[in-house]
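Okay, so the sequence shown: first residue is 1 according to the UniProt record's numbering, each after it adds one.
In what follows, a single structure is set out as structure tokens and then discussed.
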Amino acid sequence: MIEITGLQKSFGDLQVLENINMTIKDGDIYGLVGKSGAGKSTLLRCINGLESYSKGSLKVNRVEVNSLNKQEMRYFRKNVAMIFQHFPLMSRKTVYENIAFPMRCWKYDKQHINTKVKEFAEIVGITDKLGQKPNTLSGGQKQRVAIARALVMEPKILLSDESTSALDPTTTQSILQLLNEINKKMGITIIVVTHQMAVVRDVCHNVSLLEKGKLVVSGKVEEIFLNQPEKFRRFLGEED
Ligand code: ADP
Ligand code: MG
Numbered sequence: 001m002i003e004i005t006g007l008q009k010s011f012g013d014l015q016v017l018e019n020i021n022m023t024i025k026d027g028d029i030y031g032l033v034g035k036s037g038a039g040k041s042t043l044l045r046c047i048n049g050l051e052s053y054s055k056g057s058l059k060v061n062r063v064e065v066n067s068l069n070k071q072e073m074r075y076f077r078k079n080v081a082m083i084f085q086h087f088p089l090m091s092r093k094t095v096y097e098n099i100a101f102p103m104r105c106w107k108y109d110k111q112h113i114n115t116k117v118k119e120f121a122e123i124v125g126i127t128d129k130l131g132q133k134p135n136t137l138s139g140g141q142k143q144r145v146a147i148a149r150a151l152v153m154e155p156k157i158l159l160s161d162e163s164t165s166a167l168d169p170t171t172t173q174s175i176l177q178l179l180n181e182i183n184k185k186m187g188i189t190i191i192v193v194t195h196q197m198a199v200v201r202d203v204c205h206n207v208s209l210l211e212k213g214k215l216v217v218s219g220k221v222e223e224i225f226l227n228q229p230e231k232f233r234r235f236l237g238e239e240d
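Here it is, written out as structure tokens:
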């Protein structure tokens, strides 16, 4: 699904990603952890084509992301959705219109839009909020709206950039559970960027630790928690 080899990314003189090698399989929930500034968001932005890279290869479904032209990129992005810590919802529009927005951009017909909005509102559990404005919702409910909006185009990959960082522990748990259900129900591949080890432990199958632009540890979550490689332990210690 996602195959990254020797990936390098710089902003001017600043090298942000260095020789990144990773494989993310179809249907995986893959954790990407590391301190602030490690390069996690940049790597996600490379995966959905928002950033170009200077060296190496990044293939999604065997297609080199850097090689897509504008039109191909538009279709590519349809398959790679992203959610964030701050859920950029449109405050003047209803929850319904927020969820419908990507489909309106693609000029889908009204009936299809209506069906999909209701289907995904149901999946994320906000059916009773469709007529409300986002500012009347709690943080967890807003994130559910953002997740529904990310999913209406039925992407193959969901990139989550610190999407639970602004939420309290109970709400975080419920959002993680939702991501887990979506992964099972839709078979969607999810990459979870986080600095919270609990998030990795509770929801991810595989994990990589990024340190100053380099991948220092990768593996299965259960093995990593069991064996606790030195670098990983250090990271855990600093977080708790
Ligand atoms: P993380 O998400 O792990 O906190 P980022 O990927 O946001 O890290 O940033 C990694 C490094 O790249 C940081 O040093 C950051 O300042 C730098 N950086 C990120 N985006 C840009 C940009 N558009 N221009 C210049 N530097 C950037
Ligand atoms: Mg970031």
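Every residue gets a Cβ at the ideal spot worked out from N, C-alpha and C, and that includes glycine.
Computed from a prediction, not measured in an experiment: that's the story for all the values here.
Check whether the Cβ atoms of residue i and residue j lie closer than 7 Å to each other.
| i | j | result |
| --- | --- | --- |
| E51 | T23 | no |
| I83 | A150 | yes |
| Q111 | S165 | no |
| G39 | V65 | no |
| K214 | E18 | yes |
| R144 | V117 | no |
| N206 | D28 | yes |
| I224 | F232 | yes |
| P102 | V60 | no |
| P155 | V80 | yes |
| I190 | L158 | yes |
| V199 | L209 | no |
Determine the extent of the beta strand (DSSP E) in which residue i is found, giving its start and end residues.
| i | result |
| --- | --- |
| A81 | 80-84 |
| L158 | 157-161 |
| V207 | 206-211 |
| G31 | 29-33 |
Tell me the DSSP secondary structure of residue i in three-state form.
| i | result |
| --- | --- |
| V152 | coil |
| F11 | strand |
| S57 | strand |
| D240 | The pLDDT assigned to D240 is 42, lower than 50, so where the model puts this residue is not dependable, and the model offers no usable value. |
| M197 | helix |
| N135 | helix |
| T94 | coil |
| T5 | strand |
| K118 | helix |
| S52 | coil |
| N21 | strand |
| K214 | strand |
| I190 | strand |
From which residue to which residue does the alpha helix (DSSP H) around residue i run?
| i | result |
| --- | --- |
| L179 | 169-186 |
| L44 | 40-47 |
| V221 | 221-227 |
Assuming the contact rule is C-beta atoms closer than 8 Å, residue i and residue j should be a hit. Round their C-beta distance to whole Å, please.
| i | j | result |
| --- | --- | --- |
| V203 | L32 | About 13 Å separates the two Cβ atoms, so there is no contact after all. |
| G131 | I175 | With 8 Å as the limit, G131 and I175 do not qualify as a contact, their Cβ atoms being about 23 Å apart. |
| A121 | I147 | Rounded, the Cβ-Cβ distance is 11 Å, inconsistent with contact. |
| residue 311 | G56 | Here the chain has residues from 1 to 240 only, and residue 311 is not among them. |
| S160 | L178 | Contact doesn't hold; Cβ gap of about 11 Å is too wide. |
| R77 | G49 | 7 Å |
Is there at least one Cβ from chain B nearer than 7 Å to residue i's Cβ?
| i | result |
| --- | --- |
| K116 | Considering every chain present, this structure includes no chain B. It has just one protein chain. |
Closer than 5 Å: residues whose CB approaches a heavy atom of the ligand ADP: F11, V16, S36, G37, A38, G39, K40, S41, T42
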